[in-house]
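The structure appears below as structure tokens.
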Amino acid sequence: MYQLSLKYVNSIYNLCKKLPDAEKYNLSSQIQRAATSITLNIAEGSTGQSDPEQNRFLGLALRSYLETIACLDIIQNQNYQNLEELTPLREQGHQLFIKISSLRKSLNGRGSK
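Quick note on numbering: the sequence shown equals residues 1031 to 1143 in the numbering used here.
Written out as structure tokens, the structure reads:
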């Protein structure tokens, strides 16, 4: 999951290189921070803490993922990139979402036993 998040961050950074200069300190910065936050929260949550604490960090990672999706929607709506160009990135992010969600579900299941 951590490695997948690193690939997602890299893909986001590559996308930002294609955005207009006018978005450098706005949309580019925002989506880069959100994508980076996914990886950082996965890392911070995996430091041997309690399941509830790890679950909290994974929840933050999911929120950051959703923020990247909102940014991708804006990028598409502003016609900075088209659907075909963004679809692979959305699919990559969705795989990350599934992995994070599955781990959270597993952690929640362990807590109820």
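Each residue gets a CB set at the ideal place from its N, CA and C atoms; glycine is no exception.
{"query": "For Y1038, the three-state DSSP class (helix, strand or coil)", "result": "helix"}
{"query": "Nearest-angstrom Cβ-Cβ length linking Y1110 and L1049, presumed shorter than 8 Å", "result": "5 Å"}
{"query": "Cβ-Cβ distance between Q1122 and Y1038 below 9 Å", "result": "yes"}
{"query": "Where E1053 falls: helix, strand or coil (DSSP)", "result": "helix"}
{"query": "Unbroken stretches of the alpha helix (DSSP H), 4 residues or longer, contained in the stretch 1091-1142", "result": "1113-1141"}
{"query": "Reduced DSSP category for Y1032 - H, G, I as helix; E, B as strand; rest coil", "result": "helix"}
{"query": "Nearest-angstrom Cα separation, counted from N1112 out to L1036", "result": "24 Å"}
{"query": "Straight-line Cα distance separating Q1084 from Y1043", "result": "26 Å"}
{"query": "Nearest-angstrom Cα separation, counted from R1093 out to Y1055", "result": "21 Å"}
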